[in-house]
Amino acid sequence: MSFVLELVKKAALIKMDDSFAFKVKESMLVGGLLSVFEKSRESLSRLTGGKLVLLGDIFAKLSFFCLLVLLAGLGLPQFAEGKEGLALISLAASALYLMSRLWQAKTEEKAGFNLLDLAVGAYFTSNIISTFASHYMVPSLKGLSKVVVYIITYFTIKTALVQRKERLPWLIAFALLSGIAVSLYGLYQYKIGVAPLATWEDPSVENKGTRIYSTLGNPNLLAGYLLPLAPLALALGTTIWSTYIGRWQGLVRNLSLPMSFAVTALLALAIVLTGSRGGYLSIGGTAAFVLLALSFYFLSRKPKLIFPTLIGLGLMLAAGGLAVHFLAPSLETRILSIFAGSEHSSNAYRMHVWRASLAMFQDNWWLGVGPGNTAFRLAYGLYMKSGFDALGTYCVPLEVGVETGLLGLFSAGAIILMCLSRAHLIFYSDSSYRYLALGLAAALVALMIQGLVDTVFYRPQVHFIFWFVVAAISALSCTEIDKIRHPKD
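Here it is, written out as structure tokens:
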């Protein structure tokens, strides 16, 4: 076990965080900006006699409130098409946070920088380079503006959680409230047999049943939105059950686990009813990830239970397969169509897009064609086969490579690897947030698996959750640094 933990530590680069944070603060660029900001804060404090400290606290609370609204509003129909509203809420949270820091009293805080920030910065840099090196620079600027919003969101959420990690359960809870409402509306659509929209209707034989899309207008997008929320619901309930101490402790602990299981089941049912085959792959992969993580953790402490556990998991898998075969044959047909290759129309379409996108990457592997779907479509027209137009590559790693080249691909891979490694270390530490760390890692896995075969990852409803997950893991790796360095055996 100690060997595995040391290996994961090396992948997470956790030992280099302190030196990196020091170098960042002492650097000419960041250090200079921090110095100017601090001098401005001190000057403002002297001019007002410190009377604006209360206003700074109000701005800090408003900033966090905007983050809650952002996560709770992702499923609202108003933002299904008008995505600028989500960006404005995010930017408002960031602006209010900066104002709060300008007017608040100086406090001693933990260093908030780590090497995960460096990977995020490298990804942002790759987008900037790709934009100004692109043949489609003007369209790429629009894509770059979206990346700017997401990166700002990442740092705003991270700094809010570094200051007070107790905010994380609240952010997850508000995201789940939206997910619950969206799922319930989706179940209503299934009951009334809502008609498919022409923008995504698949004429395949196995797809004649109702596919729900709730407020988002697309079943694949709905699945992508709900997939990371399901493990977060289970993780939040488990965390409350294992750590809550306070008023009505018994009632809260007794209700937390049943409620989390109910919410997870609701979200999973809604995902199944979307008919999203990428969602099915993601459900299976995420469930396997969580079961393996928990089994490895507990069975390493009680090895005598390994054989009974394997038998139990095998029986569960067999029972699930038989239930799908006899009770939901249409679902079985839909799942089996994943492995039908080019004989299935949707599979054939994706394969044509993958081939064209791979050719794009081979010709633009160094710097990419530029961020954003507008630049992608302009370049894709030179490679696509007639009749197979696309908004994206239907594969997130390929999309990153096509848009930003090798630098973007390597930095995005580093973000994923460091997030999973740091979540692993938090889970094996003596942290009260260990189950939330596992839930965040599972949410990341869910997004990545669906992202291998779909393109909804770049829609705001999904992408904001991705950066929230990355920011939460980054913040926890800062606040739990001592526990990470001295994990339990």
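So the sequence shown is numbered by full-length UniProt numbering: it starts at 1 and just counts up by one.
Each residue gets a CB set at the ideal place from its N, CA and C atoms; glycine is no exception.
Just to check my reading of the structure: residue i and residue j have Cβ atoms closer than 8 Å, yes? What is that Cβ distance to the nearest angstrom?
i: K165; j: L406; result: Not confirmed; about 35 Å, so no contact.
i: S130; j: S145; result: That belief does not hold up - the Cβ atoms of S130 and S145 are roughly 14 Å apart, past 8 Å.
i: A359; j: Y383; result: 5 Å
i: S411; j: A133; result: Contact flag wrong, Cβ pair sits at about 16 Å.
i: I338; j: L281; result: 7 Å
i: L184; j: A72; result: That pair is no contact at about 15 Å.
i: I157; j: A471; result: 4 Å
i: T210; j: V194; result: 6 Å
i: L67; j: A87; result: No, L67 and A87 are not in contact; Cβ-Cβ is about 14 Å, not under 8 Å.
i: residue 499; j: G408; result: There is simply no residue 499 to check, as the chain begins at 1 and stops at 489 in what is shown.
i: L74; j: Q461; result: 5 Å
i: T479; j: V252; result: Contact flag wrong, Cβ pair sits at about 23 Å.
i: residue 566; j: L447; result: Only positions 1 to 489 of the chain appear in this structure, which leaves residue 566 out of reach.
i: L236; j: P169; result: 6 Å
i: L62; j: L98; result: Wrong, their Cβ atoms sit about 12 Å apart, outside the cutoff.
Looking only at its own chain, which residues have a Cβ that is under 6 Å from the Cβ of residue i, when we skip the five neighbours before and after it?
i: W200; result: Here the model assigns W200 a pLDDT of 49, short of 50, so the residue's position is not dependable and the matter cannot be decided.
i: V445; result: T286, F289
i: L232; result: I172, G439, A443
i: E221; result: Inspection of the sequence shows that residue 221 is occupied by Leu rather than by Glu. V456, R459.
i: I473; result: C419, R422, A423, L440
i: A223; result: I271, T274, S276, G279
i: F124; result: I151
i: K385; result: H352
i: R350; result: Y394
i: V205; result: For V205, the predicted structure reports a pLDDT of 47, less than 50, and the residue's modelled location is therefore unreliable. The matter cannot be settled from this model.
i: V396; result: G451, F457
i: F361; result: G401, V402
Output needed for residue i: all residues of its chain with C-beta closer than 8 Å, excluding positions within five of it in sequence on either side, in chain order.
i: G297; result: It is worth fixing the name first, because residue 297 is Tyr in this sequence and not Gly. Contacts found: F427, Y428.
i: T107; result: For T107, the predicted model reports a pLDDT of 49, less than 50, meaning its position is unreliable; a value from the coordinates is still stated below. Contacts found: none.
i: W365; result: G401, G405, L406
i: S432; result: T239, S242, T243
i: L391; result: N373, F376, R377, T455
i: A175; result: L71, A72, L74, L229, L232, I465, F468
i: L116; result: I415, M418, C419, R422, V470, I473, S474, S477
i: Y136; result: V369, G370, T374, A375, L378, A379
i: I89; result: C66, V69, L70, G73
i: A340; result: N347
i: G186; result: I212, Y213, S214, L222, A270, L273, T274
i: Q189; result: T210, I212, Y213, S214
Could you check where the alpha helix (DSSP H) with residue i kicks off and where it finishes?
i: M448; result: 434 to 451
i: S429; result: S429 -> no alpha helix (DSSP H), and no H or E assigned at all.
i: L86; result: 84 to 103
i: K142; result: 137 to 163
i: S242; result: 229 to 243
i: A470; result: Residue identity check: residue 470 is Val in the sequence provided, not Ala. From DSSP, the alpha helix (DSSP H) with V470 extends over 460 to 479.
i: G121; result: 115 to 133
i: E81; result: 78 to 81
i: F171; result: Note that residue 171 is Leu in the sequence shown here, rather than Phe. Per DSSP, L171 belongs to the alpha helix (DSSP H) from 167 to 192.
i: P196; result: Per DSSP, P196 belongs to no alpha helix (DSSP H) and is neither H nor E.
i: G224; result: 219 to 226
Beta-carbon within less than 7 Å of residue i's beta-carbon, same chain only, minus the 5 sequence neighbours each way: which residues are those?
i: A198; result: With a pLDDT of 49 at A198, under the threshold of 50, the predicted position of this residue should be treated as unreliable, and no value is reported.
i: G85; result: Q78, F79
i: T264; result: A230, A233, L234
i: K83; result: P460
i: R434; result: I426, F427
i: N127; result: L144, V147, P371, T404, G408
i: V138; result: none
i: H167; result: Strictly speaking, residue 167 in this sequence is Arg, with His absent from that position. F64, A160, L161, listed in sequence order.
i: T153; result: S90, F464, W467
Does the distance between the C-beta of residue i and the nearest non-hydrogen atom of the ligand SAM fall short of 6 Å?
i: T239; result: Looking at this structure, you won't find the ligand SAM or any other ligand, since it has none at all.
Requested in this report: At 4 residues or longer, and completely inside the UniProt domain "O-antigen ligase-related" (263 to 410): list those alpha helix (DSSP H) runs for me, N to C.
Outcome: 277 to 299, 306 to 327, 329 to 336, 345 to 363, 373 to 380
Query raised in the report: Would you say the stretch 350 to 364 touches the stretch 389 to 404, given that touching needs at least three Cβ pairs under 8 Å?
Result: yes
**Asked** Counting Cβ pairs closer than 8 Å, one from the stretch 462 to 471 and one from the stretch 257 to 270, do we hit at least three?
**Response** no
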